[in-house]
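Have a look at the structure below before the remarks.
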Amino acid sequence: MQGVLRTNKYVVSISKTLRNYSTVAVPLNEDVVISAATATVPPQQKQNTIQSSSNIQQLLKTIPSSRVVESYKISSVQLSSLSNSTDDQVRQQIVNLRDKRDYTNLIKVLEIWSSKDIDGMVRVLGHETISNYLAELIDYGHRSVVSGYSITPILKSLRIQKKVHDVDNRKRLPMHHIIRNIRSIYSNLLYKTKSGEHMYEKDKRRDIYASENLTGYRLSITDFENLMQLEISIGKLDLASRWFKFFRQYHGGKDEFKKYMTPKLWTLAFKIEANGENRTWTLKGTDLSNYNVNPNKGCKSYKQHSNFHISDIQDDSIFSDLDLNFHSSLIQHFGHSGKIDNIQKYIEFIWGVDKSGKLVGTKLDVNDRLYPTMGFLTELFASLSYHGEFFQAIKYINDFQSVYDGVKSTPYESKRFWERVFNQAHISTMFVEYNAFKYFLKQSNYSNHHVTLETAQNDANFDYEGFLQFLEKLKVERRDVFKQIWTIVQNEDIRFSSYICKTYLDYLKEGIAEDLQASYYDYLSALLKQYHFYSIDPRSFTNTPNMGFTPTNKVRESIKVLYSEALRELIDLKGNSLYIGQIQPLIDEWSLDEEMKQDLESWVSEDRMKSYRENLELKREEFMDALKQDKEDDSLLDLL
């Protein structure tokens, strides 16, 4: 470990110029690798290639967004002196799609082209270019997965409100078609399309080249990076590990494969084989709760590869090229193992900040490629807090930011950081009464640990008053944490997060917040502010039809869903507190529009009013019974 924990002074002097890594490597057990760029094409196949290319060109012309792109003439790619050849025309159209970030149509075109004429596709674009395009598409798919996660809290809210139709309309699987298409493209690259073979077939588990229908193309290093990254993005660590196994197998095996490892491959290896990716970790609550979320339920168990070590990357020729993503993965590896001391030592040697949050070394220059970003701090916080050290992690991150006060941050990174903080705050402070009772029994001197709460509270040897105080302490701790974090998020003006807002709303529904009604009004006011912020003027060009732009109303509609749920909770709070007369004025004043007003009125009249009135009648009867009992007691006293 000491070999890689170099002094801060050394790290500062690291060259900022990365070495170039070849994207195509020649395996040691191969004499010849067929070059994608120089593949020989028979005359008849050439004719087929031209015909297929023409078909692709025609397909490109029919893509709606392509017509929009042409109409706006805003391409940043200018191709001069184009020849009239079909190849150049097709290449230009592909470049235009990529330049416009029209990834939806780009992936469709590449998939269709690869299935019809893989030789023509490789000849026109080149293997390396195809691999780079696919890398971009995988990154786009990952972002769509993250975006897809943001809709999950909204779907939960819609189900609570029993708006099944809206749930069905909002369901989407943004990454699935990208996964399918990229897998198909790589299968088409490896196997002749007519054979129908796929790289994930059972007989390919030991050797993907075990086929009589090979096209002659082999996977480059970039391709292995792509496939590993693709499977990590959807939590398929078993498949990602299989691709790393194939990489080692075709690049020397045992220790020889390390010669071909790029910085990105080292990062991916630590993510896959050493738990260096916190998004794949199973999240568990404390002994006081039953919280347990495994994001890898669909992942089959696999044996992690162990034939590499931190010492493998301590060589100057490797270590100097490792970027912030790698160091982040290594820190997450330590975090998953609970090695907090190793994290703190690593931070001190690289960034000069000791375990107390003080600067003891040389502070990195803001232009250094290892200068921390908010994304890095998010992973650091996740690593420090994973084993229940939430408060210590918050303090350390705060101290670290005091040293590196110029941390680079994007609105997305800032939002993601606070989402992670909210998540850990929720997990670290949540409790259920039964678990709290069992925990209290273990900590007390009470002999019978198998007793129920109902039995224990009637036992003079059980400290029931102490248990109630323990419960209140847990509530106060949870209340204070959520109040502080919510206040910070509001003051920092963080971009709207459906996860943060839904988590805080669920906390309010627990009923432990101080002045609950005021807390609901504060929450509604915060959402109302966001709702107006994301409003789009009807005259806005982004709302004009047939102009090639999509109205950005999704955030606004998500806010509206959570706002409606919160307003229902406040209505319920008033109705169950016997303030039935305040319900209609509340609906009139706080509904966002006429549609919401009518929806809430129908919900109250059809689903809730009967319960409110029954509760009111029950309370009235209890009051009358108590009043009658008081009169009887007074009469008895008069007789005495």
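For the sequence shown, our numbering gives the first residue as 381, with consecutive numbering after it.
From the three backbone atoms N, C-alpha and C, an ideal C-beta is built for every residue, glycine too.
Sheet register partners of residue i (DSSP bridge)
{"i": "VAL673", "result": "LEU663"}
{"i": "LYS788", "result": "THR753"}
{"i": "TYR571", "result": "LEU594"}
{"i": "VAL733", "result": "LEU739"}
When the options are compared against residue i, the one with the closest alpha-carbon
{"i": "LYS882", "options": "GLU852, LEU821, PHE802, ILE868", "result": "PHE802"}
{"i": "LYS977", "options": "TYR943, GLY961, LYS1008", "result": "TYR943"}
{"i": "TRP983", "options": "ALA805, GLN469, ILE540", "result": "ILE540"}
{"i": "VAL941", "options": "TYR597, GLY528, LEU538, ASP721", "result": "LEU538"}
{"i": "ASP468", "options": "VAL504, LEU486, TYR580, TYR566", "result": "VAL504"}
{"i": "LEU908", "options": "MET754, GLU894, GLN870, PHE626", "result": "GLN870"}
{"i": "ILE698", "options": "ASP734, VAL673, ASN670, TYR640", "result": "TYR640"}
{"i": "GLU994", "options": "ASP745, LEU739, LEU958, ILE565", "result": "LEU958"}
{"i": "LEU621", "options": "LEU645, SER600, ARG598, GLY632", "result": "Residue identity check: residue 621 is Ser in the sequence provided, not Leu. When each option's Cα is compared against that of SER621, the closest is LEU645."}
{"i": "VAL746", "options": "VAL740, LYS735, ILE723, ASP785", "result": "ASP785"}
{"i": "LEU617", "options": "GLU605, SER681, GLN629", "result": "SER681"}
{"i": "LYS574", "options": "LEU833, PHE862, LYS496", "result": "LYS496"}
{"i": "ASN815", "options": "ASN825, SER827, THR832, TYR826", "result": "THR832"}
{"i": "LYS934", "options": "GLU605, SER878, PHE624", "result": "SER878"}
Residue i versus residue j - alpha carbon distance
{"i": "ASP603", "j": "LYS677", "result": "26 Å"}
{"i": "PRO752", "j": "LYS788", "result": "7 Å"}
{"i": "LEU610", "j": "SER782", "result": "36 Å"}
{"i": "LEU852", "j": "PHE811", "result": "Residue 852 is actually Glu in this sequence, not Leu. Looking at the two C-alpha atoms, the distance is approximately 11 Å."}
{"i": "HIS830", "j": "PRO791", "result": "51 Å"}
{"i": "LEU663", "j": "GLY718", "result": "14 Å"}
{"i": "ASP499", "j": "LEU607", "result": "21 Å"}
{"i": "SER527", "j": "ASN841", "result": "54 Å"}
{"i": "ASN485", "j": "ASN512", "result": "16 Å"}
{"i": "LYS954", "j": "TYR844", "result": "32 Å"}
{"i": "SER494", "j": "ILE612", "result": "24 Å"}
{"i": "ARG875", "j": "ASP839", "result": "52 Å"}
{"i": "ASN670", "j": "GLU491", "result": "45 Å"}
{"i": "LEU848", "j": "GLU813", "result": "10 Å"}
{"i": "ASN705", "j": "ARG749", "result": "11 Å"}
{"i": "ASN956", "j": "ILE963", "result": "11 Å"}
{"i": "LYS634", "j": "ARG586", "result": "16 Å"}
{"i": "GLU986", "j": "GLN684", "result": "56 Å"}
{"i": "VAL673", "j": "GLY656", "result": "18 Å"}
{"i": "VAL740", "j": "SER700", "result": "22 Å"}
{"i": "HIS716", "j": "ALA762", "result": "9 Å"}
{"i": "SER530", "j": "ARG563", "result": "26 Å"}
{"i": "ILE727", "j": "ASP734", "result": "7 Å"}
{"i": "GLN772", "j": "GLY632", "result": "45 Å"}
{"i": "SER765", "j": "GLU981", "result": "44 Å"}
{"i": "GLU894", "j": "VAL861", "result": "13 Å"}
{"i": "LYS480", "j": "LYS743", "result": "40 Å"}
Cβ-based neighbour list, residue i, same chain, cut-off 8 Å, excluding 5 preceding and 5 following
{"i": "LEU888", "result": "LEU896, SER899, TYR900, TYR903, ALA946, GLU949"}
{"i": "GLY737", "result": "LYS775, TYR776, ASN778, ASP779, PHE780, SER782, VAL783"}
{"i": "VAL412", "result": "Any answer about VAL412 is weak, because its pLDDT of 30 lies below 50 and its placement is not dependable; what the coordinates show is given next. So no residue of the chain qualifies."}
{"i": "GLY615", "result": "ARG659, THR660, PRO675, ASN676, GLY678, CYS679"}
{"i": "LYS536", "result": "LYS882"}
{"i": "MET1004", "result": "none"}
{"i": "GLY768", "result": "THR666, SER808"}
{"i": "MET501", "result": "LEU490, TRP493, SER494, ILE510"}
{"i": "PHE850", "result": "ALA816, PHE820"}
Other residues of its chain near residue i: CB distance less than 6 Å, five sequence neighbours each side excluded
{"i": "GLU872", "result": "none"}
{"i": "ILE951", "result": "ILE963"}
{"i": "GLN910", "result": "PHE876, ILE939"}
{"i": "GLN1009", "result": "none"}
Contacting residues, own chain, Cβ-Cβ under 7 Å from residue i (five flanking each side not counted)
{"i": "ILE892", "result": "LYS855, ARG858, ARG859"}
{"i": "THR960", "result": "Residue identity check: residue 960 is Ile in the sequence provided, not Thr. Only TYR992, LEU996 meet the Cβ criterion."}
{"i": "PHE770", "result": "GLN804, ALA805, SER808"}
{"i": "GLU1001", "result": "none"}
{"i": "LYS584", "result": "ALA590"}
{"i": "ILE588", "result": "LEU570, MET579, PHE626"}
{"i": "SER915", "result": "ARG936"}
{"i": "THR595", "result": "ILE498, LEU569, LEU570, TYR571, LYS572"}
{"i": "LEU821", "result": "HIS829"}
{"i": "LEU619", "result": "GLU611"}
For the structure I just gave you, are there three or more beta carbon pairs, one from the segment 792-806 and one from the segment 752-766, closer than 8 Å? yes
So does the segment 651-664 actually touch the segment 708-718, counting three or more Cβ pairs closer than 8 Å? yes
Are three or more beta carbon pairs between the segment 553-570 and the segment 515-535 nearer than 8 Å? yes
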